[in-house]
Amino acid sequence: MARISWKFGLLMMMIVLVGSCSGQLSNENFYSKKCPNVFKAIRSVLRSAVAKEPRMAASLLRLHFHDCFVNGCDGSVLLDDTSSFKGEKTAGPNNNSLRGYDVVDAIKAKVESVCPGVVSCADILAITARDSVVLLGGPNWNVKLGRRDSKTASLAAANSGVLPPPTATLSQLISKFQAVGLSTKDMAALSGAHTIGKARCTVYRTRIYNDTNIDRTFANARKKNCPIITGTPKDNNVAPFDFKTPNHFDNSYYKNLLNKKGLLHSDQELFNGGSTDSLVRTYTNNQKAFFADFATAMIKMGNIKPLTGSQGIIRRNCRRAN
Ligand code: HEM
Ligand SMILES: *[C@@H]1O[C@H](CO)[C@@H](O)[C@H](O)[C@H]1NC(C)=O
Ligand SMILES: *[C@@H]1O[C@H](CO)[C@@H](O)[C@H](O)[C@H]1NC(C)=O
């Protein structure tokens, strides 16, 4: 009996060790001892930022996506350039496009004031993304935690094509998500994030002037704020993805696709006679199904190559590697 329990103890120890080496994230209790008020701290700053500007919820959700797709969810997207590396902020998909860095700074400062040096910037992005969705009426989920922060960021990686461009075809969208372990269904559900937030003229101009799978009234309305001529300040004019309920996380993104009112070329690719048409129909008719699949896919996306255990660091300031 004593021999059995000794062996059993060793086995359990090995399982724990193997678990911690393989980069597993933990559940929401990860900070319950070292920072029990982390959720409260994050939510208080987030609430006032989103009250001031509802779009900020969208911008913060997108930061987590762009963090995770480039070398995993390691907070790298938040690092400023240094003398030894150029970071991701000026990469093609991010420059003049990603926003919310200042709100992340304010959240991090608040978290540091209650528990210094404990909560990673990568985890702050994951929690903030979840809370942003919830604040705008979307689904809730148990966010996985225990990510640690990178010491470096890569401009080249952010420019390497891992992030899908707004010109992408359906097969390109599928393969770019597959490359980070996400299925076609995950891709179709995560795209529903475009039920909130805005895009710049420069990313949808070709669609409204050249695409044929677009509602004419919708295209004409968008042209008013987005002239055909490029290279003027109007390139930065923005339009909401979802013109009806831009600050409400619902399934209207898919309803718009059904009516050929997707804002980006890549959006409309999800409903253009291909393999994802049926999913778009499902999500249009069944918001619960969309919410469930979105939550599942967010957890999977948040699990892309995290640094865990003794890997990486906990940054004090999300902009630099301590
Ligand atoms: C499926 C492939 C995707 C493509 C091609 C794509 C592309 C884009 C583009 C071009 C913009 C506008 C950028 C600008 O105007 O500067 C944008 C905005 C946005 N994206 Fe995506 N995206 C994709 C997937 C996702 C995913 C997976 C999420 C999150 C789960 C997401 C969340 C957002 C949000 C919330 C905004 C609005 C941000 C704001 O208003 O500040 N996108 N996306
Ligand atoms: C990023 O945007 C700024 C401001 O518009 C511009 O001056 C700069 O050249 C851009 N950087 C890159 C790498 O495109
Ligand atoms: C529309 O397509 C033509 C031909 O490919 C291209 O030359 C033009 O720049 C496109 N227009 C816009 C607004 O993207």
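Residues -23 to -1, 1 to 299 (mature numbering (1 follows the signal peptide of the UniProt record, and there is no 0)) make up the sequence shown, in order. Glycine residues also receive a C-beta, built at the ideal position from the N, C-alpha and C atoms.
{"Asked": "Where ARG296 sits in the DSSP three-state scheme", "Found": "coil"}
{"Asked": "Segments of 4+ residues assigned as alpha helix (DSSP H) that fall wholly inside the region 43 to 107", "Found": "78 to 91"}
{"Asked": "GLY169 vs TYR230 beta-carbon contact at 9 Å", "Found": "yes"}
{"Asked": "One or two residues paired with ARG125 in a DSSP bridge", "Found": "LEU284"}
{"Asked": "Straight-line gap, ILE205 to ASN214 (C-alpha atoms, nearest Å)", "Found": "12 Å"}
{"Asked": "Buried versus exposed call for ASP57 [16 or more other C-beta atoms within 10 Å across all chains shown]", "Found": "exposed"}
{"Asked": "Simplified DSSP state of PRO210, which is helix, strand or coil", "Found": "helix"}
{"Asked": "Beta-carbon proximity list for ASN48, same chain, < 6 Å, skipping 5 on both sides", "Found": "ALA134"}
{"Asked": "ILE290, DSSP secondary structure in three states", "Found": "strand"}
{"Asked": "Identity of the residues DSSP links to PRO217 by a beta bridge", "Found": "LYS175"}
{"Asked": "Residue range of the alpha helix (DSSP H) that includes SER137", "Found": "From DSSP, SER137 is part of no alpha helix (DSSP H); its letter is neither H nor E."}
{"Asked": "Beta-carbon contacts of PRO70 that lie in its chain and below 6 Å, excluding the five residues immediately before and after", "Found": "LEU140"}
{"Asked": "THR189 Cβ short of 8 Å to ligand 2 heavy atom set", "Found": "no"}
{"Asked": "Burial state of ALA35, where buried means 16 or more other Cβ atoms lie within 10 Å", "Found": "buried"}
{"Asked": "For SER3: DSSP bridge partner residues", "Found": "LEU122"}
{"Asked": "Own chain, CB closer than 7 Å to ILE276, minus 5 neighbours either side, in chain order", "Found": "TRP118 and LYS121"}
{"Asked": "ALA156, buried or exposed, once every other Cβ within 10 Å from all chains shown has been counted against 16", "Found": "exposed"}
{"Asked": "Cβ separation of ARG125 and GLN288, assumed to be a contact under 8 Å, to the nearest whole Å", "Found": "6 Å"}
{"Asked": "Straight-line Cα distance separating GLY250 from ASP82", "Found": "43 Å"}
{"Asked": "ALA266 and MET164 closer than 9 Å at C-beta", "Found": "no"}
{"Asked": "Check: GLY69 C-beta below 8 Å from any heavy atom of ligand 2", "Found": "yes"}
{"Asked": "Same chain, Cβ closer than 8 Å to ARG297, neighbours up to 5 away in sequence not counted", "Found": "LEU56, ASP57 and THR59"}
{"Asked": "Sub-9 Å separation of PRO217 and LYS175 beta-carbons", "Found": "yes"}
{"Asked": "Contacts around ASP227, its chain only, beta-carbon distance under 7 Å, and the 5 residues preceding and following it disregarded", "Found": "GLY114, THR172 and GLN264"}
{"Asked": "Contact check, ILE101 vs CYS295, beta carbons under 9 Å", "Found": "yes"}
{"Asked": "Residue 378 CB to nearest heavy atom of ligand 2 below 8 Å", "Found": "Because residue 378 is not part of the residues shown, which for the chain are -23 to 299, the question remains open."}
{"Asked": "Near ligand 1: HIS225 beta-carbon under 8 Å from a heavy atom", "Found": "no"}
{"Asked": "Cβ-based burial, residue 316 [other Cβ within 10 Å; buried from 16]", "Found": "Look at the range of the chain in this structure, -23 to 299, and you will see that residue 316 is not part of it."}
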